[in-house]
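J.: Starting off with a structure, shown below.
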Amino acid sequence: MKNVEKFIRPTNISELLEARAKEENNILLAGGTSLIFSKDASVRTIIDMSEVNELKNIEFSDGKLKLGAMVTMTQLRHRSDLPVAIRNAALSVASTPIRNVVTVGGEVMRGVYWNDLPVALMALDAVAVFASTTGERAMPLEEVFSLHPTKTIRPDEVLTRVELTDYMRPAAFHKFSKTATDYAIASIAFSARSFEGSTVREPKVVVGAVTPLPRRLNDVERLLSEKGESALEELETLFSGFKTRPDFRVSAEYQRNLMIVGIRRLFRAARDGGEE
Amino acid sequence: MMDISFKVNGKELHVSVTGNESLLDVLRKNGFTSVKRGCSEGECGACGVIVDGVYLKSCLMLAVQAHGREVMTVEALGDVQEPHPIQVAVVEEGAVQCGFCTPSRILASYSLLQNSPNPSDDEVKEALDGNLCRCTGYVKQLSAVKKAAELIGKEGEA
Ligand SMILES: Cc1cc2nc3c(=O)[nH]c(=O)nc-3n(C[C@H](O)[C@H](O)[C@H](O)COP(=O)(O)OP(=O)(O)OC[C@H]3O[C@@H](n4cnc5c(N)ncnc54)[C@H](O)[C@@H]3O)c2cc1C
Ligand code: FES
Ligand code: FES
Chain L
1 MKNVEKFIRP TNISELLEAR AKEENNILLA GGTSLIFSKD ASVRTIIDMS
51 EVNELKNIEF SDGKLKLGAM VTMTQLRHRS DLPVAIRNAA LSVASTPIRN
101 VVTVGGEVMR GVYWNDLPVA LMALDAVAVF ASTTGERAMP LEEVFSLHPT
151 KTIRPDEVLT RVELTDYMRP AAFHKFSKTA TDYAIASIAF SARSFEGSTV
201 REPKVVVGAV TPLPRRLNDV ERLLSEKGES ALEELETLFS GFKTRPDFRV
251 SAEYQRNLMI VGIRRLFRAA RDGGEE
Chain Y
277 MMDISFKVNG KELHVSVTGN ESLLDVLRKN GFTSVKRGCS EGECGACGVI
327 VDGVYLKSCL MLAVQAHGRE VMTVEALGDV QEPHPIQVAV VEEGAVQCGF
377 CTPSRILASY SLLQNSPNPS DDEVKEALDG NLCRCTGYVK QLSAVKKAAE
427 LIGKEGEA
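Pasting the structure below:
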């Protein structure tokens, strides 16, 4: 970003959206923890969102949980009224001084394999809300990640918040890594509408790091819906052909095994309140 | 280049920066060498500072982001003549050897104790999870934070 000529700091959403629409070759700055490494010489204007207070709210309204794009991982981590899966995913991000600045928007829009938060959000059916001067557009995270997020957002848009509807349903998240602060080898999230005995309704299974972007595992969900807990012992067959993202730290076989073990653990953790 | 200004330990600093310079680059160039450069990529934690009350890694912050902000480095806490209780505790507990990781870790401890004056062991571990040390190991570092909490508590009573 050596050719940046202008740094602006809008103080409300309408100023932000106008700047986004009209500033030449602009880039949105959230926590900045990945932009600091950007080598993009075409960027002329940095739009710093740190003073747009509307983006910093955690809100419960219209039956929804709304997480502003500038909410930090530390904020999520310390809110006891949020789903455990989200708090644990926030805590999985790097270390305290990084969590203090990394934002919900940065986690969703960065689109690297080690982003933990979107895995948990996607398992809870989160919806991204993009805004521009012409209005708002809602898109399920699953769709946001059908391509790289930088391709699903339009150049004049800003991700303003993420919304969750049935957010208190049973759910759990775990980042599997060599150390607490290392990048994930696998991030796994599980949620369900409800558990009844050994059966489960509307299970959602999302994995990250074993794939380049978070991915829902529809065939695992189907098997669990049909057979309930006993399906956990039949997962091997579903993963035998699963193509993983190559990882110099572990083999593909290890990644597949980790998913199987992780799904079993998280199914039970979700049923038992979210903590393992 | 962009002209920016911000405060470091209460004093105004005016500098011209490029869009790819980090706050760490600018602080060190301007003599704040207690802010250490270990890795430049967010792993080691030697470059920690407090910006508007938030403890963060200055190698991960663009210099322009600091415009209008207040930056605090360890120099603001105390010195050899008048050390802050955290600095006293670090020395008394033997939680320092080469000293490279120490300024940033003291700020991490300060930030924790501002929000949580009597932290649990788990809170201390979490607060220091971004600070690597190649010398002392971590046990003494944890006990130094507990001791500092005690010293600050006593100061408050006096
Ligand atoms: C050493 C290190 C270790 C890390 N480990 C982990 C880890 O284990 N797990 C993990 O999940 N993350 C980890 N991270 C964080 C991750 O790599 C990214 O740095 C982080 O997700 C970016 O968040 P940010 O708020 O700093 O975004 P920024 O760096 O400011 O922005 C990231 C990108 O998103 C865009 N963007 C940001 N907000 C919006 C918005 N509201 N609308 C549209 N576009 C937007 C920006 O333009 C930019 O392209 C680590 C980072 C470091 C440096
Ligand atoms: S220099 Fe290592 S974390 Fe900043
Ligand atoms: S005292 Fe030497 S690195 Fe910590």
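Residue numbers (the numbering used here), protein chains in the order written: chain L, 1 to 276; chain Y, 277 to 434. All residues carry an ideal CB built from backbone N, CA and C; glycine is no exception.
For S316/Y, which residues from the same chain have a beta carbon less than 6 Å from its beta carbon, with the 5 sequence-adjacent residues on both sides left out?
T.: What you label residue 316/Y is simply residue 40 of the second sequence in a count that begins at 1. Here the set comprises C335.
J.: Looking at the strands, I want to know which residues DSSP matches up with M278/Y.
T.: As a working note, residue 278/Y is residue 2 in the second sequence. Looking at the DSSP assignment, M278/Y forms a beta bridge with V293/Y.
J.: Checking contacts by CB at 7 Å: is L338/Y closer than that to chain L?
T.: Sequence index remark: in the second sequence, residue 338/Y carries index 62 (1-based). Judged by the 7 Å Cβ criterion, L338/Y is in contact with chain L.
J.: Measuring only the C-alpha atoms, how far is R345/Y from M337/Y?
T.: Taking the second sequence and counting its residues from 1, one reaches residue 345/Y at position 69. Taking the second sequence and counting its residues from 1, one reaches residue 337/Y at position 61. Distance between the alpha carbons of R345/Y and M337/Y: 12 Å.
J.: Residues in the same chain with beta-carbon distance under 8 Å from S132/L, minus the five sequence neighbours each way, listed in chain order, please.
T.: Here residue 132/L corresponds to residue number 132 of the first sequence, with the count starting at 1. Within the same chain, S132/L has close Cβ partners L17, R20, A21, R154, D156, E157 and V158.
J.: Less than 6 Å separating the Cβ of C409/Y from some heavy atom of ligand 2?
T.: In the second sequence, the residue the question calls residue 409/Y occupies position 133. The answer is no for C409/Y.
J.: For E143/L, write down the residues that DSSP places opposite it in a beta bridge.
T.: The sequence position of residue 143/L within the first sequence is 143, counting from 1. E143/L pairs with nothing; no bridge assigned.
J.: Alpha carbon to alpha carbon, how far is N291/Y from F195/L?
T.: Taking the first residue of the second sequence as 1, we reach residue 291/Y at position 15. Taking the first residue of the first sequence as 1, we reach residue 195/L at position 195. The sequence shown places Val at residue 291/Y, not Asn. Distance between the alpha carbons of V291/Y and F195/L: 60 Å.
J.: Under DSSP, the alpha helix (DSSP H) around Y254/L begins and ends at which residues?
T.: Translated into positions along the first sequence, residue 254/L becomes position 254. That run of the alpha helix (DSSP H) goes A252 to R271.
J.: When the distance is taken between beta carbons, is A172/L closer than 7 Å to E28/L?
T.: Counting from 1 along the first sequence, the entry for residue 28/L is found at position 28. Counting from 1 along the first sequence, the entry for residue 172/L is found at position 172. Position check: residue 28/L holds Leu in this sequence, whereas Glu was assumed. Going by C-beta atoms, L28/L is not nearer than 7 Å to A172/L.
J.: What residue ranges within the stretch 14–93 of chain L form continuous beta strand (DSSP E) runs of no fewer than 3 residues, ordered along the chain?
T.: If we require 3 residues or more, the beta strand (DSSP E) runs fully inside the stretch 14–93 of chain L come out as 26–29, 45–48, 58–61 and 64–68.
J.: So that I know if they touch, is there some Cβ in chain Y lying closer than 7 Å to that of F7/L?
T.: What you label residue 7/L is simply residue 7 of the first sequence in a count that begins at 1. Chain Y, which has a Cβ nearer than 7 Å to the Cβ of F7/L, makes this yes.
J.: Quick check: does the Cβ of S419/Y come within less than 6 Å of any heavy atom belonging to ligand 1?
T.: One-based indexing of the second sequence puts residue 419/Y at position 143. No, the Cβ of S419/Y stays beyond 6 Å of every heavy atom of ligand 1.
J.: Could you check whether V350/Y and L383/Y sit closer than 7 Å to each other, using their CB atoms as the reference points?
T.: The count along the second sequence starts at 1 and reaches residue 383/Y at position 107. The count along the second sequence starts at 1 and reaches residue 350/Y at position 74. In contact: L383/Y and V350/Y (Cβ atoms closer than 7 Å).
J.: If you count every other CB in all the chains shown that lies within 10 Å of the CB of K431/Y, and 16 or more means buried, which is it?
T.: Sequence index remark: in the second sequence, residue 431/Y carries index 155 (1-based). In the sequence as presented, Lys is not what sits at residue 431/Y; that position holds Glu. Exposed, by the Cβ-count rule.
J.: Is I285/L helix, strand or coil by DSSP?
T.: For residue 285/L there is no data in the structure shown, the boundaries of chain L being 1 and 276.
J.: Which residue wins for smallest C-alpha separation from P149/L, given the options S230/L, E5/L, P118/L and R268/L?
T.: The sequence position of residue 149/L within the first sequence is 149, counting from 1. When each option's Cα is compared against that of P149/L, the closest is P118/L.
J.: Should A371/Y be flagged as near chain A, meaning a C-beta pair shorter than 7 Å?
T.: Annotation note: the requested chain A is absent from the structure, which comprises protein chains L and Y.
J.: How about P316/Y: is its Cβ closer than 6 Å to a heavy atom in ligand 2?
T.: On the second sequence, residue 316/Y is found 40 positions in, with the first residue counted as 1. Just to set this straight, residue 316/Y is Ser in the shown sequence, not Pro. Yes, the beta carbon of S316/Y sits closer than 6 Å to at least one heavy atom of ligand 2.
J.: State the start and end residues of the unbroken alpha helix (DSSP H) segment that holds I382/Y.
T.: Taking the second sequence and counting its residues from 1, the one referred to as residue 382/Y is at position 106. Counting along the chain, the alpha helix (DSSP H) containing I382/Y begins and ends at T378 to N391.
J.: With 7 Å as the C-beta to C-beta threshold (strictly closer), list the residues of the stretch 389–407 of chain Y near chain L in chain order.
T.: Per Cβ criterion, the list reads E402, A403, D405 and G406.
J.: Please report whether the beta-carbon of Q417/Y lies at a distance below 7 Å from any beta-carbon of chain L.
T.: Here residue 417/Y corresponds to residue number 141 of the second sequence, with the count starting at 1. Output row for Q417/Y: interface = no.
J.: Cβ of K312/Y less than 7 Å from any chain L Cβ?
T.: The residue given as residue 312/Y occupies position 36 in the second sequence. Judged by the 7 Å Cβ criterion, K312/Y is not in contact with chain L.
J.: Please give the ranges of any beta strand (DSSP E) in the stretch 166–240 of chain L, keeping only runs that are unbroken, at least 3 residues long and fully inside the region.
T.: The qualifying runs are 171–176, 186–191, 194–196, 199–201 and 204–208.
J.: Using a 10 Å radius around the Cβ and a threshold of 16 neighbouring Cβ atoms, would you call H78/L buried or exposed?
T.: Taking the first residue of the first sequence as position 1, residue 78/L is located at position 78. Answer is exposed; the Cβ neighbour count stays below 16.
J.: If we call anything under 7 Å between Cβ atoms a contact, is A264/Y one with V302/Y?
T.: Outside the shown range of chain Y, which is 277 to 434, sits residue 264/Y, and nothing can be said about it.
J.: Assuming contact is defined by CB atoms lying nearer than 7 Å, are R169/L and S198/L in contact in what I supplied?
T.: The sequence position of residue 169/L within the first sequence is 169, counting from 1. The sequence position of residue 198/L within the first sequence is 198, counting from 1. Result no, Cβ atoms of R169/L and S198/L do not sit closer than 7 Å.
J.: Check whether the stretch 2–9 of chain L and the stretch 76–90 of chain L touch, using three or more Cβ-Cβ pairs below 8 Å as the test.
T.: Touching, no.
J.: Among all the DSSP beta bridges, which residues are the ones paired with A339/Y?
T.: Against the second sequence, residue 339/Y aligns to sequence position 63. Beta-bridge pairing links A339/Y to no other residue.
J.: Looking at the secondary structure, which residues open and close the alpha helix (DSSP H) in which M122/L lies?
T.: Within the first sequence, numbered from 1, the residue matching residue 122/L stands at position 122. Note, M122/L: alpha helix (DSSP H), L117 to A123.
J.: Any beta carbon from chain Y within less than 7 Å of S95/L's own beta carbon?
T.: Along the first sequence, one-based indexing puts residue 95/L at 95. S95/L counts as touching chain Y.
J.: Pull up the CB-CB distance for E54/L and I13/L, whole angstroms please, since I reckon it's below 8 Å.
T.: Counting from one through the first sequence, the residue named residue 54/L turns up at place 54. Counting from one through the first sequence, the residue named residue 13/L turns up at place 13. Going by Cβ atoms, the distance from E54/L to I13/L rounds to 5 Å, so yes, they are a contact pair.
J.: H343/Y touches chain L at which residues, Cβ-Cβ below 9 Å?
T.: Your numbering for residue 343/Y matches position 67 in the second sequence. F7, R9 and D48, listed in chain order.
J.: Would you list, in chain order, the members of the stretch 319–331 of chain Y that have their beta-carbon closer than 7 Å to a beta-carbon of chain L?
T.: If the cut-off is 7 Å between Cβ atoms, the stretch 319–331 of chain Y has G321, G324, V330 and Y331 near chain L.
J.: Measure the C-alpha to C-alpha separation of K151/L and L65/L and round it to an integer number of angstroms.
T.: Numbered from 1 along the first sequence, position 151 holds the residue referred to as residue 151/L. Numbered from 1 along the first sequence, position 65 holds the residue referred to as residue 65/L. Cα to Cα, the separation comes out at about 26 Å.
J.: What distance in whole Å lies between the Cβ atoms of M1/L and S38/L, which are believed to be in contact at a cut-off of 8 Å?
T.: In the first sequence, residue 38/L corresponds to position 38, counting from 1. In the first sequence, residue 1/L corresponds to position 1, counting from 1. Between M1/L and S38/L the Cβ distance is about 5 Å, and since that is below 8 Å, they are a contact.
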